[in-house]
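Step one of this worksheet: look at the structure below.
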Amino acid sequence: MAPRKNFRNQAKKEVRPAAVVNKNGVKVEASVAASGGGFSGTKIFTWFMVLALLGVWSSVAVVWFDLVDYDNVIERAKEFRLNFSEVLQGKLSAYDADGDGDFDVEDAKVLLGLKERPVSVLLREAKEESAVKEPDAVPPPDDDDVDGSQNTDVESEIQAAVPLPPISDDFIPDDSRDEATHPYEDENNAIDTKGELVEKAQPQQTLEESKQYNNQPGSPETKETVQVRYNAEAESVPEPEADVEPEVEPEVESVPEPEADVEPEVESVPELEAEFVPKLKENAEDQPKDKLKEKAKKKKPKLLNKFEKTIKTEIDAAEKLRKKGKVEEAVRAFETLVLQYPQSPRCRYGKALAEDGLAEKMLSNDMLQKAIGTYKEASELPNATPDLIKATLKKRAERQQFLGRMRGALATLEKLVQIFPEDMALKNDLGVAHLLIGDNNSAKRVYEEVLATAPSDGFAKVHYGFILKSENKIAESIPFLRDGLESGDPGTDDGRFYFHLGDALQRMGDDSAYKWYERGHQRGHFASVWQRSLYNVDGLKAQPWWTPKDTGYMDLVKTLERNWRIIRDEAQSVMDKTTGLFVPEEENLREKGEWGQFTLWQQGKKAGESCRSVPKTCGLLERYPEATGCKRGQIKFSVMQPGTHVWPHTGPTNCRLRMHLGLVIPKTGCKIRCTNDTRAWEEGKVLIFDDSFEHEVWQDADSYRLIFIVDVWHPELTQYQRQTLSPI
């Protein structure tokens, strides 16, 4: 510090002549030492600049290393500015991080990440950026706009500048903690490590209300399913990897048109199927046509009321932060706006969207619940536009469903339908909400109302047909399912509807079933015409029949085959009908006959009471986690009486293989077909097949057939996948 002190003392003794302009064009005072020696004006300027900049970076250094008292550093920096303050002001303004007009310790803290930038600065910068990027932004409306006399194009301009995320027409709802009418639902869902909301099995609801939307009799999601999902799509659970970025609401100016589903060309059935699948008709007239309707372009939603148009710039600035993924800053910005304008529905809606995005980033159910509450607040404020009410409540219902709160979503959708009774899309969504809680009768009434008003509504048709088939009204279901799929309406191109239409046609003896299966395969819903499971992991080896060596579970197979008599004897000991241990198959898979089952493990969970009845059998299996830990399968005894026929069907997932150990097998009359290969059981031997492929069973013997069924994980699934796949 001594050289600086000396330099200052010397400067005080200098004679100060008139100011001159140096070669850089800067006006400075030349200094000449009284003794006749000294520094030139240019050198003085240069030294002042160097020392001033050193002072700036010293501020940064002392903040980082905590070397010197901050106030002392500031004082010294001010001393060196002297007459160059205006120059330094221009040079250092770029580092003014806290917006107070100069560079000081607080700025250094912000630059070093030790302090957050004030919301006011963020909003100011966002507004400045908007002004630069959007020179044609609409100015606040003048007095004429306030009374509504002039405002023809203002709303469209506003929505172009503040694009909002589209709300899917086929979203699925749920149920909030703040719904006093449904206080009993548990918070048992989480957001997984990939930033996606993951459904978990509901309490008793899913078993006791097992006639749910995709758990209907005859569905690929049979009653063995506890996990209920609306979107049946391929699942791929990879090995752990870096967190996926949370989704940012897409920047779109309007709700986009759903893409038309164009029917792909039907390819020939693979050779394996050629002999046994009825030939697909190649005639163009015989192929179901997609009567894709040309939808009128949807108008941009009007989300701003008259007052909010006057604060559009402020809303834009906060919205820009959210669109850029700066969700923490966006939440703070919208909170500030809500404090300033507590009666603004649009500010409250923006806050809810920002909280929603932050919930995904934080993987926080609590934050998502907060967003759900804010959506409700926004919808209930006075002067909310109809479009904002609709968008807000639909988004709320969607997020409730993500948390597994189906009844709360149902209540939200019922409110929407009351407000907008003419909106058939909302009624369709309400029907789905009823299906998701197992209330098929209410869903049926909703779709009957829709079809009475809009008889060509494809979405209502496929769902109405789905309900009819679940009621075993096979013939009646076919025209609704077929017409709905042919309509090409949004929400109809779903694997379940192809599955159930094909299944209904098969049961009616109509070979065109395979045409629909092929079409479902071409659209990506089925792995093949034969393999029609809907809950799949991509890339797993797919073949109908397996050998013990193929599976790698040789030890398990040997244990079953060595101990088959012990297993048989215990099974026969519990077959007495008076005990009620064997329950009838209730999946609507039988054309005729009697078929009973006695379950020991389901979804990786042991049935303790059942195992106490057959302790030796359960003891044999305890050391095989590939079976007892298979969350997508069961371990059970199966007894089938003479005269029984099981319809062709497929299991729900490709994630398991099914072992059949023969216990009591009549000499003739019992057989099982998987794809085009028909086989018979043998006592003491294990048959292994992939039940995601179509299979069919006949029991035409004179006595009962008894087998032991053991489901195991597909051998190519990783340990991580086995741990994280949802139960079925």
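The numbering of the sequence shown is numbering that gives the first Met the number 0, which starts it at 0 and goes up by one.
Every residue gets a Cβ at the ideal spot worked out from N, C-alpha and C, and that includes glycine.
In the structure shown, Phe707 adopts extended strand secondary structure according to DSSP, grouped into three states.
Secondary structure of Asp676 (DSSP, three-state): strand. Closest by C-alpha distance to Val645, out of Cys617, Asp699, Lys666, Arg622, is Asp699. For Trp563, the enclosing alpha helix (DSSP H) stretches over residues 563-572. C-alpha of Leu320 to C-alpha of Ala332: approximately 8 Å in a straight line. Annotated three-state conformation of Glu715 is coil, per DSSP. Bridge partners of Phe692 according to DSSP: Gln530. Rounded to whole angstroms, the separation of the alpha carbons of Leu467 and Thr558 is 45 Å. With respect to the 7 Å criterion, Ala626 and Leu619 are not classified as neighbours on the basis of their beta carbons.
DSSP places Cys669 in the strand class (E or B) of the three-state scheme. Judged by DSSP in its simplified three-state form, Gly595 adopts strand. Counting the other Cβ atoms within 10 Å of the Cβ of Ala396 gives 16 or more, which makes it buried.
In terms of Cα proximity to Thr452, the closest of Glu421, Asp438, Asn587 is Glu421.
For Lys389, the secondary structure class from DSSP, reduced to helix, strand or coil, is helix. Under the rule that a run must span 4 or more residues, the alpha helix (DSSP H) segments found entirely inside the stretch 575-648 read 607-612, 614-620, 624-627.
The three-state secondary structure of Gly483, taken from DSSP, is helix.
In the assembly as shown, Pro344 is a buried residue. Its beta-carbon has 16 or more other beta-carbons within 10 Å. Judged by their CB atoms, Glu569 and Lys615 are nearer to each other than the 7 Å cut-off. Among the bridge pairs identified by DSSP, His659 is matched with Leu686, Ile708. Listed in chain order, the non-local C-beta contacts of Tyr703 below 6 Å within the same chain comprise Val638, Gln640, local neighbours out to five positions each way being set aside. The shortest C-alpha to C-alpha distance from Tyr374 to any of Thr391, Ile664, Leu660 is the one to Thr391. With fewer than 16 other Cβ atoms from the protein chains shown falling within 10 Å of its own Cβ, Pro385 counts as exposed. In the DSSP assignment, Pro344 falls within the unbroken alpha helix (DSSP H) covering 344-361.
Burial check for Ala459: the Cβ neighbour count within 10 Å reaches 16 or more, so the residue is buried. A residue is called buried once 16 or more other Cβ atoms fall within 10 Å of its Cβ, and Met405 is buried on that count. For His524, there is no enclosing alpha helix (DSSP H), since its DSSP letter is neither H nor E. When the five nearest sequence neighbours on each side are left out, the beta carbons in the same chain lying within less than 6 Å of the beta carbon of Trp515 are those of Tyr497, Leu500, Gly501, in order along the chain. Assigned with DSSP and collapsed to three states, Gln368 falls in helix. Between the stretch 667-685 and the stretch 541-559, the count of Cβ pairs shorter than 8 Å is three or higher; the stretches touch. Within the DSSP secondary-structure output, Trp544 pairs in a beta bridge with Phe688. Here the C-alpha atom of Glu586 lies approximately 11 Å from the C-alpha atom of Gly595.
Glu693 is positioned such that its CB atom lies closer than 7 Å to that of Thr649. Within the same chain, Ser476, Phe479, Leu480, Gly483 come within 7 Å of Gly464 by CB-CB distance, once the 5 residues on both sides are set aside. If you compare the alpha carbons of His659, Leu367, Val536, Phe419 with that of Ile388, the shortest gap goes to Phe419. Rounded to whole angstroms, Lys360 and Leu336 show a C-alpha spacing of 22 Å. Linking Asn562 to Phe597 through their CA atoms gives a straight-line distance of about 19 Å.
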